[in-house]
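Participant: Line order of the protein sequences matches chains A and B.
Numbered according to the working numbering, the first sequence spans residues 978 to 1308.
Numbered according to the working numbering, the second sequence spans residues 978 to 1308.
The following block contains the structure, expressed as structure tokens.
Number of protein chains: 2
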Amino acid sequence: MATITIKEIAKLAGVSTATVSRVLNNSGGYSDETKLRVLEILEKFNYQTNVVAKSLRTSLTKTVGIIVPDITNEYYALIALAIENYFSPKGYSIYIYNTNEEPEKERLLIRDLESRGVDGLVYISGKMSVPREALKKRLPIVCINRREEMSEEITVIESDNYQGGFLATEELLNQGCTNIVIIRDERDIVPMNERYRGYCDALKKKGLPVNLELVKPISFNVSHAAECVENLIRNHIQFDSIFACSDMLAFGAMQALREHGKRIPEDIKVIGFDNITFGRYSHPQLTTINQDKERLGEAASEILLNIMEKKERPKQPNIVIPVSLVKRKST
Amino acid sequence: MATITIKEIAKLAGVSTATVSRVLNNSGGYSDETKLRVLEILEKFNYQTNVVAKSLRTSLTKTVGIIVPDITNEYYALIALAIENYFSPKGYSIYIYNTNEEPEKERLLIRDLESRGVDGLVYISGKMSVPREALKKRLPIVCINRREEMSEEITVIESDNYQGGFLATEELLNQGCTNIVIIRDERDIVPMNERYRGYCDALKKKGLPVNLELVKPISFNVSHAAECVENLIRNHIQFDSIFACSDMLAFGAMQALREHGKRIPEDIKVIGFDNITFGRYSHPQLTTINQDKERLGEAASEILLNIMEKKERPKQPNIVIPVSLVKRKST
DNA sequence: TATGGGTACGTAATCGATTACGTAAACTTT
DNA sequence: AAAGTTTACGTAATCGATTACGTACCCATA
């Protein structure tokens, strides 16, 4: 690096490095003239802090790590973007780590994060072992949307998944549907369970039973959703609508429906979850439950910064971000 | 941080920090017994390198920065992912920066990157001022898909945009189309110009003229594509197909076509560019030109690492990644 | 005028590594 | 056996900042 150091600036300004540092950090202890002279030299030689050196001394790196399963997924990308937009103006840089939810990768990550001395971590992934490890290492952390029942020491930001499931189901009921298929992730994870609970309660409220033949847990994947719908049709199971627990699953389901000559929404109504961009361009445009990814990212950032600054790990209650129904053409 | 340092390890093992460091880096100069003893202590106390300190000493941070316009865009996300997958096993961490192509943001970035001492930079964005600045600062850099005519000192990885434009147009011609609308980005940037050149040449090869009434430069945005198609229809301009220079634009165009009762592909055929995931789930499924985002990211990474290691900035010829036609249902 | 307190600095330690250089002991070579 | 070479370390400087502590000077107050 050809950059000039504080030492050289000091010599040029005829002061000590201490004074230069003080001027740089506005920490007082210098006269106005000295300040001006130093500032002038700083400017003239285009001084840039060596962040690495500063980090070593202060043990603050001004970095935040984000762990996501897959940045390629718009949902995660939007959250990551919100986090960057929050932290970047505050002088932080963002490390991004894709785990693909592979446990080995996650295990390595926590070491790397600590080695690099990140100031905080936003975790949006599956294995809660990482957050627990982070907690042990006193690394400030918040999780998004992956609450586990037992982990009350970790703050979790989550969408109101229960309400989402309820609203989605209610929308279909309001359209006169009575045989509502729910395609959900087979994994026993809180967000999915909550959506399912909302589904059940909406039915219950309407006085309808939960027909387990219509509850379809699948491994989370577009083509599985399509297969699932095909099986329903092939087995002549009666249904008039589908609540897919993610928009991608909804797209898979719609594709299968079309291939079997079903019209949407005339024959079968479909509702998704997440509200990703493509829902506006699918045919028909997808009715869905909006998750406020920006708020999720923002709220997580705010709380994380709080933990980082206060250096205290508050038993903060989990934050629930409201969801909303986005009515389009598929219901 | 509660982590143990090299100094403490040294004391515990009864050696100097120099020896511990040598063992850590496998640089020789110690007996087998010493090595074993040190390794044992290292293991026992779960030593982790302080990367910040190491970086300060070696002036290598083992970080790579990625500058993208918008990580929320699947195209960029896939490239970024490929880059991470390349560098991460080599011990690098990835900084990600979204610029939204805002010039001020980009200008700030280059300073930050240098301050943080990133070892290399992959640049996928618009303003070539950043790469030039990086070059001046001797920061290893490669660009993706934004070649400018005059900047031969910077290595650029790009898709074969000309070939893509040619293939797309040829596909429509093969389907019997003669009035092919091209919806392109209005900006005078190399990738778009190349796609357009491919379009022109494919027509020429077939002995057809370029009808400028069918050449539609728009500001890059889905709804503008829709408007553009509406205008064509409203003005009764004859066309039998559309080559949209990005899949997103194709979706906008298809939506407008549907709203005007045009069937795809029976009435109007549509082809896109990029091959983003959603093209498989649109209706009809979108025929498109595949950009190999993984190879783009990989190739960029390889070359970047090369520059980083050799510390030389070779006048490397630009790398062109092949594209291919993905035939689906919209043509 | 002596004392006390504030201002404006400088000195030097420090963060946690790496590494050039020095050196004692062991081992070769003739 | 003397000289040279190699091995296996340790010492201390260094990377570029921050900051506790010391101190000289100035000014106000008793």
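Where a beta carbon is used, it is the ideal one built from N, C-alpha and C, also for glycine.
With phenylalanine 1143/B as the anchor, note down where its beta strand (DSSP E) starts and where it stops.
Facilitator: It is not in any beta strand (DSSP E) - phenylalanine 1143/B instead sits in the alpha helix (DSSP H) that spans 1138-1151.
Participant: Identify whether tyrosine 1074/A lies in helix, strand or coil by the three-state DSSP scheme.
Facilitator: strand
Participant: Any beta-carbon of chain A closer than 8 angstroms to the one on glutamine 1215/B?
Facilitator: no
Participant: With three or more beta-carbon pairs closer than 8 angstroms as the criterion, would you say the segment 1132-1141 of chain A touches the segment 1198-1205 of chain A?
Facilitator: Contact fails: fewer than three Cβ-Cβ distances are below 8 angstroms.
Participant: State whether the segment 1222-1235 of chain B contacts the segment 1243-1260 of chain B, with contact taken as three or more CB pairs (one from each stretch) at a distance under 8 angstroms.
Facilitator: yes
Participant: What residues in the segment 1072-1084 of chain A bring their beta carbon closer than 7 angstroms to a beta carbon of chain B?
Facilitator: Tyr1072, Ile1073 and Asn1075
Participant: Could you give the uninterrupted runs of the beta strand (DSSP E) lying entirely in the segment 1256-1290 of chain B, keeping only those of 3 residues or more?
Facilitator: Those beta strand (DSSP E) runs which fall completely within the segment 1256-1290 of chain B and span 3+ residues are 1265-1267.
Participant: Mind pulling the chain A residues with CB within less than 8 angstroms of histidine 1260/B?
Facilitator: Met1231, Gln1232, Arg1235, Ser1259 and His1260
Participant: Looking at chain B, is there any beta carbon in it that lies within less than 8 angstroms of the beta carbon of isoleucine 1048/A?
Facilitator: yes
Participant: Which term fits glutamine 1232/A, buried or exposed, when burial requires 16 or more other beta carbons within 10 angstroms of its beta carbon?
Facilitator: buried
Participant: Tell me whether the segment 1127-1137 of chain A and the segment 1287-1305 of chain A touch, counting them as touching only if at least three CB pairs, one residue from each stretch, are closer than 8 angstroms.
Facilitator: yes
Participant: Quick check: the Cα distance between isoleucine 1043/A and arginine 1093/A, rounded to an integer number of angstroms?
Facilitator: 13 angstroms
Participant: Which residues in chain A have a C-beta closer than 7 angstroms to the C-beta of alanine 1054/B? List them in chain order.
Facilitator: Ile1048, Thr1049 and Ala1054
Participant: Between phenylalanine 1228/A and chain B, is the shortest Cβ-Cβ distance under 8 angstroms, so that the two count as touching?
Facilitator: yes
Participant: To the nearest angstrom, how far is the alpha carbon of arginine 1272/A from that of glutamate 1079/A?
Facilitator: Arginine 1272/A and glutamate 1079/A: Cα-Cα distance of roughly 27 angstroms.
Participant: Would the segment 1208-1221 of chain A and the segment 1144-1154 of chain A be scored as touching if the rule is three or more Cβ pairs under 8 angstroms?
Facilitator: yes
Participant: Where does histidine 1260/B land, buried or exposed, given buried means 16+ other C-beta within 10 angstroms?
Facilitator: buried
Participant: Looking only at its own chain, which residues have a Cβ that is under 8 angstroms from the Cβ of serine 993/A, when we skip the five neighbours before and after it?
Facilitator: Ala987
Participant: Residues in the segment 1012-1029 of chain A with C-beta within 8 angstroms of chain B's C-beta atoms, listed in sequence order?
Facilitator: Here the close residues are Gln1025, Thr1026, Asn1027, Val1028 and Val1029.
Participant: Could you tell me whether any Cβ in chain B is nearer than 8 angstroms to the Cβ of threonine 1308/A?
Facilitator: Not a single CB atom of chain B sits nearer than 8 angstroms to the CB of threonine 1308/A.
Participant: For the candidate residues Leu1098/B, Val1158/B and Thr1146/B, whose alpha-carbon lies nearest to that of isoleucine 1131/B?
Facilitator: Leu1098/B
Participant: Using a Cβ cut-off of 7 angstroms, pull out every chain B residue sitting near alanine 995/A, in sequence order please.
Facilitator: Those within 7 angstroms of alanine 995/A in chain B number zero; the least Cβ separation is about 19 angstroms.
Participant: Determine the closest residue to serine 1068/A out of Arg1088/A, Val1028/A and Ala1059/A, with distance taken between C-alpha atoms.
Facilitator: In the sequence under discussion, the amino acid at residue 1068/A is glycine, which differs from the serine named in the question. Closest option to glycine 1068/A, Cα to Cα, is Val1028/A.
Participant: Under 8 angstroms Cβ-Cβ, which residues of chain A neighbour glycine 1094/B?
Facilitator: Residues of chain A passing the Cβ test: Met978, Asn1027, Val1028 and Val1029.
Participant: If you measure from the beta carbon of alanine 1221/B to each beta carbon in chain A, is any gap under 8 angstroms?
Facilitator: no
Participant: Which residues mark the beginning and the end of the beta strand (DSSP E) in which serine 1301/B is found?
Facilitator: 1301-1303
Participant: Indicate whether phenylalanine 1022/A and isoleucine 983/A have their beta-carbon atoms separated by less than 8 angstroms.
Facilitator: Not in contact: phenylalanine 1022/A and isoleucine 983/A (Cβ atoms no closer than 8 angstroms).
Participant: Beta-carbon of valine 1199/A versus every beta-carbon of chain B: anything under 8 angstroms?
Facilitator: Yes, valine 1199/A counts as interfacial toward chain B.
Participant: Applying the criterion that 16 or more other CB atoms from any shown protein chain within 10 Å of the CB defines a buried residue, is alanine 1054/A buried or exposed?
Facilitator: buried
Participant: Using only CA atoms, which one of Asn1002/B, Gly991/B, Asp1047/B and Tyr1063/B lies nearest to leucine 1282/B?
Facilitator: Tyr1063/B
Participant: Report the neighbours of serine 1070/A on chain B: residues whose CB is nearer than 7 angstroms to its CB, in chain order.
Facilitator: Tyr1072, Asp1089 and Arg1093
Participant: Can you check DSSP and say which residues form a bridge with leucine 1180/A?
Facilitator: DSSP, once it has assigned bridges, lists no residue as partnering leucine 1180/A.
Participant: Cα-Cα, which of Asn1170/A, Leu1086/A and Gly1175/A is closest to lysine 1183/A?
Facilitator: Gly1175/A
Participant: By DSSP, does glycine 1229/B sit in helix, in strand, or in coil?
Facilitator: helix
Participant: Which chain B residues sit within Cβ distance under 7 angstroms of phenylalanine 1255/A?
Facilitator: Chain-ordered, the chain B residues with CB closer than 7 angstroms to the CB of phenylalanine 1255/A read Phe1255.
Participant: Given that leucine 1033/B touches chain A, what residues does it touch there, using C-beta distances under 7 angstroms?
Facilitator: Going along chain A in sequence order, the residues near leucine 1033/B (Cβ under 7 angstroms) are Val1029, Ala1030 and Leu1033.
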